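Notes follow the structure.
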Amino acid sequence: MSKFDGKVRFEDLEGGLWLLVTSDGKRLQLSGGDDGLRQDGQAVTVEGKLAEDMMSIGMTGPILEVKSWKAR
Numbered sequence: 026m027s028k029f030d031g032k033v034r035f036e037d038l039e040g041g042l043w044l045l046v047t048s049d050g051k052r053l054q055l056s057g058g059d060d061g062l063r064q065d066g067q068a069v070t071v072e073g074k075l076a077e078d079m080m081s082i083g084m085t086g087p088i089l090e091v092k093s094w095k096a097r
């Protein structure tokens, strides 16, 4: 598991998807988590696993499988 700091962003593409934009500018598509995580602009720390071998219709970057998260 890895930890990532960043801001949650909503992108209106094909019904919408949620991203974590890290402090160094990486865009990670969020998979999992709860409704509390999905708040546009929220600063968070997310613990999870990158599923770099997977793609989605969003094609915005690697998918981050969320194990846990907390607001910062």
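Numbered according to my numbering, the sequence shown spans residues 26 to 97.
Glycine included, C-beta positions come from ideal geometry on N, C-alpha and C.
If you're wondering where the values come from, they're calculated on a predicted model, not measured in any experiment.
Check: Span separating the alpha-carbon of D65 from that of S27; Outcome: 22 Å
Check: Close Cβ partners of Q67 (< 8 Å) along its chain, the five nearest in sequence each way excluded; Outcome: K32, V33 and A96
Check: Per-residue burial, G58 [other beta carbons within 10 Å of its own, 16 or more giving buried]; Outcome: buried
Check: Contact set for G73: own chain, Cβ-Cβ below 6 Å, skip 5 residues either direction; Outcome: L89, E90, V91 and K92
Check: Test item: CB-CB of T70 and L44 under 7 Å; Outcome: no
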